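Engineer: Our numbering puts the first residue of the sequence shown at 1, with every later residue one more than the last.
The C-beta atom is built at its ideal place from N, Cα and C for all residues, glycine as well.
On a predicted model such as this, the values are computed, not experimentally measured, just so you know.
Before we start, here is the structure in question, set down as structure tokens.
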Amino acid sequence: MKDYTLEQLSLLLKSKGEDSLLLREKANILTEKIYGKNVYLRGIIEFSNLCKKDCLYCGIRKSNNQVSRYTIKKEEIKELIKKSYQDGFRTIVLQSGEVDVHDKDITEIIEYTKKNFDMAITLSVGERKREKYYEWKKAGADRYLLRIETTNRELFKKLHPDDDFDVRLKALLNLKELGYETGTGVMIGLPGQTFDDLAKDIMFFKIYDFDMLGVGPFIPHHQTPLKDERPPDFELVLNFIALLRLVTINTNIPATTSMATLDKEGREKALNSGANVIMPNYTPQEYREKYQLYDNKICLKEDERSTLKITEETVKKAGKTLVKERGDRREKLITDIPIGI
Ligand code: SAH
Ligand code: SF4
Numbered sequence: 001m002k003d004y005t006l007e008q009l010s011l012l013l014k015s016k017g018e019d020s021l022l023l024r025e026k027a028n029i030l031t032e033k034i035y036g037k038n039v040y041l042r043g044i045i046e047f048s049n050l051c052k053k054d055c056l057y058c059g060i061r062k063s064n065n066q067v068s069r070y071t072i073k074k075e076e077i078k079e080l081i082k083k084s085y086q087d088g089f090r091t092i093v094l095q096s097g098e099v100d101v102h103d104k105d106i107t108e109i110i111e112y113t114k115k116n117f118d119m120a121i122t123l124s125v126g127e128r129k130r131e132k133y134y135e136w137k138k139a140g141a142d143r144y145l146l147r148i149e150t151t152n153r154e155l156f157k158k159l160h161p162d163d164d165f166d167v168r169l170k171a172l173l174n175l176k177e178l179g180y181e182t183g184t185g186v187m188i189g190l191p192g193q194t195f196d197d198l199a200k201d202i203m204f205f206k207i208y209d210f211d212m213l214g215v216g217p218f219i220p221h222h223q224t225p226l227k228d229e230r231p232p233d234f235e236l237v238l239n240f241i242a243l244l245r246l247v248t249i250n251t252n253i254p255a256t257t258s259m260a261t262l263d264k265e266g267r268e269k270a271l272n273s274g275a276n277v278i279m280p281n282y283t284p285q286e287y288r289e290k291y292q293l294y295d296n297k298i299c300l301k302e303d304e305r306s307t308l309k310i311t312e313e314t315v316k317k318a319g320k321t322l323v324k325e326r327g328d329r330r331e332k333l334i335t336d337i338p339i340g341i
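This is the structure we're talking about:
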């Protein structure tokens with residue numbers, strides 16, 4: 001395996017046309033060497049849009065008073081988890097804005113799930129103290145997603161009036177230390193972000209050896225301070241995914257909803273450029289309109305089961321096989337390490 005320098009990564013991120021296709025093909029070959037054609041399924045339940053933070057890019061930020069706020073009742077969440085299990089999901093992701101009012105319910109939901117179903121629980125509910133992460137781990141949580149959003153500290157500061165880069169990093173390290181499969185990620189195409197920043201993001205993931213890398217394009221939301229900014233070229237997103245695979249090798253990389261928002265076949269393309277996970281929305285239809293982190297989010301008019309059907313078709317179109325397994329991070333085998341890439 002050739003280790004890329006920052007300069008090389010930065011240059012490869014700029015690949016266009018044939019060069020981009022070649023890079024993505026390399027990443028796809030490596031992905032299939034590791035996972036075969038398997039694509040792992042995770043369902044995501046966006047259970048509350050309450051948030052105390054004001055991240056500049058986000059449609060459900062605290063200051064957006066045009067959002068009608070909701071929290072799905074814990075009994076309804078439990079029912080949804082049960083239904084998702086019956087639908088074949090073996091990982092469920094619980095996501096919300098950042099508030100601590102549901103923390104006790106989250107513990108109860110984790111305990112309920114682990115007692116009744118053989119499935120992995122991923123939390124994506126923001127920064128907490130180490131003690132809280134410990135409590136949830138003890139209750140049975142398996143994984144945690146907390147994006148670093150950008151590793152450019154200055155940009156991080158500009159975008160996050162309530163946050164501190166070192167606190168975010170420490171939270172990620174706490175999660176790893178507590179034994180969570182830890183996922184992080186960045187947005188691609190943030191205003192002011194450079195190719196070098198993105199190259200450093202990739203290095204950051206490699207150095208800290210995170211297990212899951214959830215990335216996606218920045219997409220402006222019309223009720224935020226970044227409403228007049230532009231999303232990136234989709235090719236850049238695909239180059240980024242390909243490089244994530246080539247550099248970090250055995251990580252789980254999802255094809256995200258935001259990719260399909262920017263390009264109708266975005267997820268199919270991502271699944272042929274290094275992604276090996278797909279994360280359909282399992283939020284009931286009535287809440288979806290209210291959980292718009294960015295404009296033109298897809299699947300707003302669908303229910304859980306029709307979204308699953310579309311997901312099955314997406315994976316098939318990509319020439320891959322949807323597998324309903326937990327899909328834990330795979331150990332890196334010496335034979336995974338590519339030669340000459
Ligand atoms: N509150 C939690 C989880 C919900 S937000 C948290 O912040 O971790 C989940 C992710 O949505 C964020 O990490 C961010 O990367 C992404 N997101 C928010 N606004 C976005 C936008 N305008 N475009 C693309 N992704 C966005
Ligand atoms: Fe809240 Fe997360 Fe949105 Fe930030 S990104 S405003 S923490 S929901």
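If you drop the 5 nearest sequence neighbours on each side, which residues of the same chain put their C-beta closer than 7 angstroms to that of K14?
Structural biologist: On the sequence shown, residue 14 is found 14 positions in, with the first residue counted as 1. Excluding residues within five positions, the ones whose Cβ falls inside 7 angstroms are F195.
Engineer: Who pairs with G59 in a beta bridge, going by DSSP?
Structural biologist: Sequence index remark: in the sequence shown, residue 59 carries index 59 (1-based). Its beta-bridge partners do not exist; DSSP assigns none.
Engineer: Near ligand 2, which residues have their beta-carbon less than 7 angstroms from any of its heavy atoms, given in chain order?
Structural biologist: Taken from the N-terminal end onward, the list reads C51, K53, D54, C55, C58, I60, R61, K62, G97, E98, G126, L293.
Engineer: Is R187 close to ligand 1? I mean its beta-carbon at under 7 angstroms from any heavy atom of the ligand.
Structural biologist: Indexing the sequence shown from 1 puts residue 187 at position 187. Before going on, a small fix: residue 187 reads as Met here, not Arg. Yes, ligand 1 has a heavy atom inside 7 angstroms of this Cβ.
Engineer: Leaving aside the five residues before and after M259 along the sequence, list all residues of the same chain whose C-beta is less than 8 angstroms from its C-beta, in chain order.
Structural biologist: Taking the sequence shown and counting its residues from 1, one reaches residue 259 at position 259. Cβ neighbours of M259 beyond the five flanking positions: G216, P217, F234, V237, G266, R267, K269, A270.
Engineer: Could you spell out the range, first to last residue, of the beta strand (DSSP E) harbouring Q95?
Structural biologist: As a first step, residue 95 must be located in the sequence shown, where it is residue number 95. Its beta strand (DSSP E) spans residues 91 to 96.
Engineer: Where does M1 fall in DSSP's three states?
Structural biologist: Here the question's residue 1 lines up with position 1 in the sequence shown. With a pLDDT of 47 at M1, under the threshold of 50, the predicted position of this residue should be treated as unreliable, and no value is reported.
Engineer: Have a look at S68 and D19 and give me their C-alpha separation to the nearest angstrom.
Structural biologist: In the sequence shown, counting from the first residue as 1, residue 68 sits at position 68. In the sequence shown, counting from the first residue as 1, residue 19 sits at position 19. The straight-line gap from Cα to Cα measures roughly 45 angstroms.
Engineer: Residues in its own chain within less than 8 angstroms of F204 by CB, not counting five upstream and five downstream?
Structural biologist: As a position in the sequence shown, residue 204 is number 204, starting the count at 1. Same-chain partners within the cutoff: I148, T151.
Engineer: Any heavy atom of ligand 1 closer than 7 angstroms to the beta-carbon of T220?
Structural biologist: Taking the first residue of the sequence shown as position 1, residue 220 is located at position 220. According to the sequence displayed, residue 220 carries Pro and not Thr. Indeed, a heavy atom of ligand 1 lies less than 7 angstroms from the Cβ.
Engineer: Below 7 angstroms, is the gap between the Cβ of G216 and the nearest heavy atom of ligand 1?
Structural biologist: Reading the sequence shown from its first residue, position 216 is the one you call residue 216. For ligand 1, at least one heavy atom lies less than 7 angstroms from the Cβ of G216.
Engineer: Using a threshold of 7 angstroms, is the CB atom of E149 nearer than that to any non-hydrogen atom of ligand 1?
Structural biologist: Taking the sequence shown and counting its residues from 1, the one referred to as residue 149 is at position 149. Correct: E149 has its Cβ closer than 7 angstroms to ligand 1.
Engineer: Do you know whose CA, among I92, K137, K115, lies nearest D103's CA?
Structural biologist: One-based indexing of the sequence shown puts residue 103 at position 103. D103 has its Cα closest to that of K137, out of I92, K137, K115.
Engineer: Taking 7 angstroms as the limit between beta carbons, can you name the residues of its chain near A199, skipping five residues before and five after?
Structural biologist: For the purposes of this step, residue 199 is taken as the residue at position 199 of the sequence shown. These residues qualify, in order along the chain: L6, L9, S10, L13.
Engineer: Hey, would you say F210 sits closer than 8 angstroms to G183, going by beta carbons?
Structural biologist: On the sequence shown, residue 210 is found 210 positions in, with the first residue counted as 1. On the sequence shown, residue 183 is found 183 positions in, with the first residue counted as 1. In this structure, G183 lies closer than 8 angstroms to F210 by Cβ.
Engineer: Can you list, in chain order, the residues of its chain with a C-beta nearer than 7 angstroms to that of E229? Leave out the 5 residues immediately preceding and following it.
Structural biologist: Your numbering for residue 229 matches position 229 in the sequence shown. Excluding positions up to five away in sequence, the list reads P191, P220.
Engineer: Beta carbon of L155: closer than 7 angstroms to some heavy atom of ligand 1?
Structural biologist: Within the sequence shown, the letter at position 155 stands for residue 155. Flag unset: Cβ of L155 not near ligand 1.
Engineer: In angstroms, rounded to a whole number, what distance separates the CA positions of E111 and E75?
Structural biologist: Here residue 111 is taken as the residue at index 111 of the sequence shown, counted from 1. Here residue 75 is taken as the residue at index 75 of the sequence shown, counted from 1. Their Cα atoms are separated by approximately 13 angstroms.
Engineer: Please classify S84: does DSSP put it in a helix, a strand, or coil?
Structural biologist: Reading the sequence shown from its first residue, position 84 is the one you call residue 84. Reduced to three states, the DSSP call for S84 is helix.
Engineer: Out of T71, V39, C55, which has the shortest C-alpha to C-alpha gap to N49?
Structural biologist: By 1-based counting over the sequence shown, the position of residue 49 is 49. With distances taken between Cα atoms, N49 lies closest to T71.
Engineer: Going by C-alpha distance, which of I253, Q86, M187 is nearest N38?
Structural biologist: One-based indexing of the sequence shown puts residue 38 at position 38. The shortest C-alpha separation from N38 is found at I253.
Engineer: Which residues in the same chain as Q223 place their Cβ atom closer than 7 angstroms to its Cβ, once the five residues preceding and following it in sequence are excluded?
Structural biologist: Here residue 223 refers to the residue found at position 223 when the sequence shown is read from its first residue. Around Q223: G59, N64, Q66.
Engineer: Can you find a heavy atom of ligand 1 that lies under 7 angstroms from the Cβ of S258?
Structural biologist: As a working note, residue 258 is residue 258 in the sequence shown. Yes; taking the cut-off as 7 angstroms, the Cβ of S258 has a heavy atom of ligand 1 nearer than that.
Engineer: Which residue comes first and which comes last in the alpha helix (DSSP H) that contains Y134?
Structural biologist: Reading the sequence shown from its first residue, position 134 is the one you call residue 134. It spans 130 to 139 - the alpha helix (DSSP H) in which Y134 sits, taken as one unbroken run.
Engineer: Quick test of the definition: if touching needs 3 or more C-beta pairs under 8 angstroms, does the segment 316 to 330 touch the segment 288 to 306?
Structural biologist: The segment 316 to 330, when compared against the segment 288 to 306, does not touch it at the 8 angstroms Cβ threshold.
Engineer: By DSSP, does N64 sit in helix, in strand, or in coil?
Structural biologist: Along the sequence shown, read from residue 1 onward, the residue named residue 64 stands at position 64. Coil.
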